Amino acid sequence: MTDDTSMAPEEPVAARRFDAGAAWRRVLHWRPDRVEGIVLAIGLVALVTRFVGLDVRALHHDESLHATFSWYLAEGRGYRHDPLTHGPFQFHITALSFLLFGDSDVTARVPAACFGTALVIAPLLLRRTLGGVGTVSASLLFTVSPSLMYYSRFAREDSYVAFFLFIASAAVWRYLQEGQLRWIVTLTAALAFAFCTKETTYIYVAMLLLYLNAAAAHRLFWQAHAGERVSRTQWARGLLLVPFAWLILGLWDTLAGVRARLRWEERPREGDLLILVGTITLPLLAALVSIPAERLHGGALTGDLDYRVRVLAVGLLLIVAAWVGTGWKPGWWLIAAGTFLAVTVPLFTTGFTHPERIWGLPWDSLHYWLEQHGVRRGEQPKFYYLMMVPLYEMLALLPALIAAGWFVWKRDAFAIFVGWWFLGSFVALSYAGEKMPWLTVHLAIPLALLAAYGLGRAIPAAVAAARAGRGHAWAWAASGLAASAMLVLLAFAVDTDIGLNHRHPDTAVEPLIYVQTTPQLVELSREVHHWLEDGRATQVFVDQTDSLTWPWAWYLRDVNVRYADAPFFNEREWEPGTILIVARGTVSDFSPSRRQFLGAVVYRHRWWFVEEGYRATTWRSFASGMADGSLPRRWIEFARHRTDPDSLGALEGEAFFPLPVGASALP
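For what it's worth, our numbering labels the leading residue of the sequence shown as 10, then goes sequentially.
Rendered as structure tokens:
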């Protein structure tokens, strides 16, 4: 027998009744203390870094797609949810930006920049756990993170969902500490907005449910063995709780007799959250039914069969969720469910103008991205994030790894929670078929949070030791070395930020940029507008080959433009005043179309970081490269110099401007 009571979890603070009046009085009379003042000052710095120079690069292919459909919504043309472009939230928030500030490259990126700035201030929610130094450290790491800064200046959904999932995580931890309804509502609202933003929320929820299930099993084990000396055999038996904890918690009242014998007197707060998150999201997993259903059917479900399977799966899961949820805490669950529906239903149906798109919530979103897993867009290797995280997040990675080792040894609950968040996300994103640089954002946040938690313990301890004159010489030397390393990594992170966002923001010389619209397209767009404005041209035709439509759909959104496939552009007579924009090679060298225009203007439409080098890396060559030091040396060399712009891959296009009025066709 061994005394293992040190593994017993700390008891959470007793739940306090929320006083709305007192809360409002605190808001009205709020004055920032030192930590809040520092975090707000860092937030102002973040605001500058997110907003200055938002127009220094053209809209990326995806940005232009998001901006164009948001502009349609702002112009009153409506919006219909399509899982290809992720959730509806980004289109509504971008349309609002257009309505308030007008439509431009800058205003398309303003919402993402706002949410990226808000994320920097958000660690204040975890101040009690992080401590003052840890809170400031988290804000600083969020500010200078290259991944977070770059995609906070990008009209994509990642900045929004990163903020929502951080709020969800903070609400989880605050509820575990305090047990208050407000954190239930906050968590539900954050998850609702996250599901309305991006399907990576499914990965987060899966990670969260696994954590809550294991943590609840741990609490149940110690309820049954409170104050006892626990043997290894009992520990082994306790592990059997983990696969069944969710079922025990869901049938809590039904199992009252069994619970009495096992001394499970109180449902742990982890169990509350497990039931809440599980029941709220259960109907959203209905599309998983399509996997066995399509195998049994021998192909994709269509027509009435598809509709019946959807209705049956969603309906049954809704009934189960409502039964379990109302059996938990009826009032709380109804408030949470109402909050979730109040957010998701209006957004997915575009203010109820497309009621049929409610299916995007429980079925289409997950179903579409399950199919994309096999497509493997991007064709990145399994070790993709093993490359991206050290390259862009070393400032957080180094202290996070040290903190993880220390806190796991100390069995620190918060570190385990955040570490599981990072590890679960890393494994899931590495397994997923689509690996993209913007998904690094979802690894940067828990990594920075874990690093900040460690710094929040280490820095005050070091300062206290210095003031008291304590510590061995080796400890002082190690502290000095660590501080120097952090300063070097901070300088490197800032230099990377400057490169990404100001030195070469429109040139894909590094993998975080990945692919980018060239500045030549913006110049050509201005030229096209000049021709249209002074009457030398009256209409534009754009080739759809190789997705040339984007970002032309955005830059030509307010002119007379038509889009056509490649065969349309050959062997025809063109009206005077027509401009053609085509992929190079669409109009053959011998096509009569060439003789009806001025000479072709060749431009680079988009260019991309050439990936063949690292894609060819195998696990064996990766291991040998790490062992002999060649791979780290190449990383350092790349980090210093990036890629030669002349080596970038590119899609070229041609623009044909009309002959002057009265001029005859070229021979």
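Glycine included, each C-beta is placed from N, C-alpha and C at the ideal position. Quantities reported herein were computed from a predicted structural model and do not represent experimental measurements.
DSSP-derived helix/strand/coil call for residue i
i           : result
residue 679 : As displayed, the chain neither begins before 10 nor continues past 676, which places residue 679 out of reach and without an answer.
residue 612 : strand
residue 559 : helix
residue 303 : helix
residue 525 : strand
residue 371 : coil
residue 197 : helix
residue 667 : strand
residue 658 : strand
residue 229 : helix
residue 573 : strand
residue 392 : coil
residue 361 : coil
residue 80  : helix
residue 261 : coil
residue 617 : strand
residue 606 : strand
residue 217 : helix
residue 88  : coil
residue 163 : coil
residue 234 : coil
residue 403 : helix
residue 182 : helix
residue 583 : coil
Limits of the beta strand (DSSP E) - the one that residue i falls within
i           : result
residue 552 : 548-552
residue 591 : 587-592
Per-residue burial, residue i [other beta carbons within 10 Å of its own, 16 or more giving buried]
i           : result
residue 447 : buried
residue 51  : buried
residue 391 : exposed
residue 265 : exposed
residue 88  : buried
residue 444 : buried
residue 539 : exposed
residue 155 : buried
residue 654 : exposed
residue 419 : exposed
residue 490 : exposed
residue 222 : buried
residue 675 : Only weak support exists for where residue 675 lies, its pLDDT of 49 falling under 50; the value from the coordinates is given anyway. Burial call: exposed.
residue 549 : buried
residue 641 : exposed
residue 300 : exposed
residue 176 : buried
Straight-line gap, residue i to residue j (C-alpha atoms, nearest Å)
i           : j           : result
residue 355 : residue 102 : 13 angstroms
residue 15  : residue 245 : Low confidence applies here, because residue 15 scores a pLDDT of 38, under 50, leaving its location unreliable and the question unanswered by this model.
residue 267 : residue 277 : 16 angstroms
residue 347 : residue 190 : 14 angstroms
residue 659 : residue 291 : 44 angstroms
residue 312 : residue 226 : 44 angstroms
residue 195 : residue 180 : 6 angstroms
residue 376 : residue 314 : 16 angstroms
residue 581 : residue 601 : 7 angstroms
residue 269 : residue 421 : 30 angstroms
residue 72  : residue 508 : 20 angstroms
residue 665 : residue 70  : 22 angstroms
residue 591 : residue 585 : 18 angstroms
residue 170 : residue 210 : 8 angstroms
residue 499 : residue 451 : 20 angstroms
residue 90  : residue 406 : 37 angstroms
residue 218 : residue 428 : 15 angstroms
residue 573 : residue 547 : 17 angstroms
residue 247 : residue 239 : 10 angstroms
residue 438 : residue 127 : 25 angstroms
Whole-Å CB distance - residue i paired with residue j, under 8 angstroms assumed
i           : j           : result
residue 183 : residue 134 : 7 angstroms
residue 118 : residue 63  : 5 angstroms
residue 425 : residue 436 : 16 angstroms between Cβ atoms; not a contact.
residue 68  : residue 164 : 7 angstroms
residue 205 : residue 352 : 7 angstroms
Residue span of the alpha helix (DSSP H) that contains residue i, given as start and end
i           : result
residue 476 : 450-477
residue 518 : That residue, residue 518, is in no alpha helix (DSSP H); it is neither H nor E in DSSP.
residue 100 : 98-110
residue 270 : 265-271
residue 430 : 422-440
residue 637 : 628-637
Closer than 7 angstroms to chain D by CB, residue i
i           : result
residue 465 : The structure shown contains no chain D; it holds only a single protein chain.
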